[in-house]
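Novice: Before I ask anything, let me first share the structure, which is written out below as structure tokens.
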Amino acid sequence: MSYWVTVWNAIKQMGLKKGDSIGIVGIGGLGVLAIQFAKALGYQVIAVDNRDIGLRLASEVHSHLKPDAIVKFCDEEAAKQISDLTRDIGLHGAVLRPRVVYVVLGLSEQGYKFDAFNLVFREIVVKGSIFTSADEARKMLEVVGREGVRSHLTVLKLEEGEVIYDKSFIAYKAMETQHSATDLQSPLTQMLLTNSSILLVSATLIGLLALATVRLLRTRVPGRPHVVLKVEGVYVYPIKGLRGCTLDSGLVSGVAFQFDRRFCLQRVHRNPDTNEINRLETVMLMYNFNLVLFQTSLESPSGDPSDMHIVVTYTGDENTAPLSWGGNQHQLRFPAQVNCEGLSRVIINLQGSSTQAYDTGDNYAKWFGKNLGFETRLLYIRDGFRAALGTLAPHSDGAVRKKRPYHALLWSLTPARYKSGPERLVFNDITQYLVVTRESNDAVTARLDDGLHMGILKFRPNIILTGSPSAFVEDYWAELYFPDTNMRLILTSNCPRCQSITADFKTGRLASDDRGNVWKKLNRDRRVDKGFKYHPIFGRYGFCGDKNIGKHITVGQEVWVTKINKEHTHTIFARQ
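Heads up, the numbering used here is the position in the sequence shown plus 152, with the first residue counted as 1.
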């Protein structure tokens, strides 16, 4: 709808009265709308074009919204026709009269030339127009409904969809060649002409309309917060499945927090006859509770943040060493950013989404294999990434079709440089960030036997929030806003819980007390997402757009809930 309000706003800026004349030169997608809006508002409308398609579009408008005249401006009588219809003011008079206002919509690749003498001495005003207020948008929709204003549609075969943008661009360039006069002295230019104003209109591009839509969506100002929260904790998990480490501040990257899940462990399956590797299997916590016996920390031996290392400490029964690096047999240390030169590449599939990763070598693999009890490889994703599937990523094609079906075509045709996404992942399961609240965790604790506490880190959050009005209200949260950094975290889906939340961090086995039943307890009433109907829900998954790269989420930071869904999310999770 953004290009509709673009045209509406430009016409309204003229301040015309009913009966005033308005000329629309260049009848394309915007021009057709301008004709209908102008007629609906009671103006005398003159449609001017030199192309057969433009003249035809003007003639095909609904009868009650047809222009009063359609003029082919290369005709010798064009100027006289316009003069007759504008009470002898004519085109030159409208263009060159003092204090004329030009409202520019067209984006000419060649730019526009204005005569300095006329600009100064005739006090000419030139301004652009693209969006309007919500109140004006409502007025426009009332006119659309009352008068039956319609866009021009072109029906194409499905196989032609991929080239529609190129066709539009070629058509635009051809038109621009015919209408090369952009000097205000030229008698016929691509403008809407009125007694006091001129609106510049060029043939519309589907790509341009999509760009306007994207910009409208990306410049929204947050309203009053529904809930005000605080960040209680920030966590990253350098190696997928292992225990995480706490941070004072997490650096937002394009895929997750910096240092979060860039590594994962793969179990090696070999052919018993040939001993050749058959396949690699991602070591998942849900099937390997002993992963909780591996704790991680981040430290820089040199003190330089760019020299960050990951320290992994195996905390089995026989080890009581601290987590900081001590160089003992229960610890492993390696760079957080691995030099991949000479390392072998491996293609792996995680949750249906494939990527290329690097095998970090035998030394690390042997250490993990010894402590896990099976042959293992440690993989590093470096600068690769995985696709976020289904409706999880807010800028994926699936999510756009689900939320805004009327924007889906425009979104798919918008050049990549003008839009965000689709969002990317590393070794995080299906989204970039997991948000939980202290209040919901307390509600889980209340379900356990007296004296037992549910450790919130068993839910493996990236961000812990406190200050929620009640437990589980985050099920409906759609957007978090960080006012001090002007950053949004879009919450698109729920986190379905597996049996890993029943693991005992001390033994690496199923908890022997009532905490071993926590999954069953949640399963009684927390199966609230139809997309994960066999799993209880705890926490919300979310994404940060690329424009937030380099910003931080910090402990103690204020967070606003700025958007709330009316219903529980129905997650659609696809596979490649």
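Note that beta-carbon positions come from the ideal geometry of N, C-alpha and C, so glycine has one too.
This one's a predicted model, so the numbers in the text were calculated from it and none came from an experiment.
Would you decide whether PRO621 is buried or exposed? Buried here means 16 or more other CB atoms lie within 10 Å of its CB.
Specialist: With fewer than 16 other Cβ atoms within 10 Å, it is exposed.
Novice: Distance, Cα to Cα, HIS216 vs ALA199?
Specialist: If I take the Cα positions, the gap works out to 15 angstroms.
Novice: Between the Cα of CYS226 and the Cα atoms of ILE582, LEU586, ARG414, ASP201, which residue gives the shortest distance?
Specialist: Among ILE582, LEU586, ARG414, ASP201, the Cα nearest to that of CYS226 belongs to ASP201.
Novice: Sort MET639, THR654, PRO648 by Cα distance to THR714 and report the nearest one.
Specialist: Taking only the C-alpha atoms, the option nearest THR714 is MET639.
Novice: In the DSSP output, what is SER173 paired with across the bridge?
Specialist: Paired residues: GLN196.
Novice: Leaving out five residues on either side along the sequence, give the residues of the same chain with a beta carbon under 7 angstroms from the beta carbon of ILE616.
Specialist: Closer than 7 angstroms at the Cβ level, and outside the excluded window around ILE616, lie GLU384, GLY385, VAL588, ARG590, ILE608.
Novice: Roughly how many angstroms lie between the CA atoms of ASN523 and ASP636, to the nearest whole one?
Specialist: Near 44 angstroms, if we compare the C-alpha coordinates of ASP636 and ASN523.
Novice: Pick from ASN442, PRO457, THR434: whose alpha carbon is nearest that of GLY468?
Specialist: Closest option to GLY468, Cα to Cα, is ASN442.
Novice: Quick one: Cα of TRP477 to Cα of ARG485, how far?
Specialist: Distance between the alpha carbons of TRP477 and ARG485 is about 8 angstroms.
Novice: Look up MET639 in the DSSP assignment and say whether it is helix, strand or coil.
Specialist: Here MET639 sits in strand by DSSP.
Novice: What residue range is occupied by the uninterrupted alpha helix (DSSP H) comprising THR597?
Specialist: It spans 590–597 - the alpha helix (DSSP H) in which THR597 sits, taken as one unbroken run.
Novice: For TRP712, which of helix, strand or coil comes out of DSSP?
Specialist: Note: TRP712 maps to strand in three-state DSSP.
Novice: Should the region 294–302 be called in touch with the region 182–191, which here means at least 3 C-beta pairs below 8 angstroms?
Specialist: Yes, the region 294–302 touches the region 182–191.
Novice: Within a Cβ cutoff of 8 angstroms, which residues of the same chain sit near PRO613, ignoring the five residues on either side of it in sequence?
Specialist: So the qualifying residues of the chain are GLY385, TYR387, LEU586, VAL587, VAL588, GLY691.
Novice: Can you tell me whether DSSP reads LYS392 as helix, strand or coil?
Specialist: The answer is coil: DSSP assigns LYS392 none of H, G, I, E or B.
Novice: Can you tell me whether GLN410 is buried or exposed? The criterion is at least 16 other CB atoms within 10 Å of its CB, across all chains shown.
Specialist: Buried.
Novice: Starting from GLU294 and walking both ways along the alpha helix (DSSP H), at which residues does that stretch end?
Specialist: Here the alpha helix (DSSP H) through GLU294 covers 286–299.
Novice: Between ILE222 and the rest of its own chain, which residues show a CB-CB distance below 7 angstroms, the 5 nearest in sequence each way excluded?
Specialist: Once the five neighbours on either side are set aside, the close Cβ partners of ILE222 are ALA199, LEU207, ALA210, SER211.
Novice: Output the distance between the C-alpha atoms of GLU451 and GLU288, rounded to the nearest integer angstrom.
Specialist: Approximately 56 angstroms between the Cα atoms of the pair.
Novice: Is TYR387 close to chain D? Criterion is C-beta to C-beta, closer than 8 angstroms.
Specialist: No chain D is present in this structure, which holds just one protein chain.
Novice: Which residue spans inside the region 374–441 form an unbroken beta strand (DSSP E) run of at least 3?
Specialist: Fully enclosed beta strand (DSSP E) runs of 3 or longer: 379–388, 397–399, 401–403, 415–422, 429–434.
Novice: Please name the residue, chosen from THR426, PRO574, THR434, that lies closest to ILE391 on a Cα-to-Cα basis.
Specialist: Of the listed residues, the one whose Cα sits closest to ILE391 is THR434.
Novice: Should the region 392–401 be called in touch with the region 444–458, which here means at least 3 C-beta pairs below 8 angstroms?
Specialist: Yes, the region 392–401 is in contact with the region 444–458.
Novice: Based on DSSP bridge pairs, tell me the residues matched to ARG692.
Specialist: According to DSSP, ARG692 bridges with VAL587, ASN646.
Novice: Considering only residues of the same chain and omitting the five flanking positions on each side of PHE537, which have a CB-CB separation below 7 angstroms?
Specialist: Hits under 7 angstroms: VAL407, THR507, ARG576, LEU577, VAL578.
Novice: Helix, strand or coil for ALA540? Go by DSSP, reduced to three states.
Specialist: DSSP places ALA540 in coil when its eight states are reduced to three.
Novice: Return the first residue and the last residue of the beta strand (DSSP E) that GLY697 is part of.
Specialist: No beta strand (DSSP E) holds GLY697; DSSP gives it neither H nor E.
Novice: Kindly identify the DSSP beta-bridge partner or partners of PRO487.
Specialist: HIS461, per the DSSP bridge assignment.
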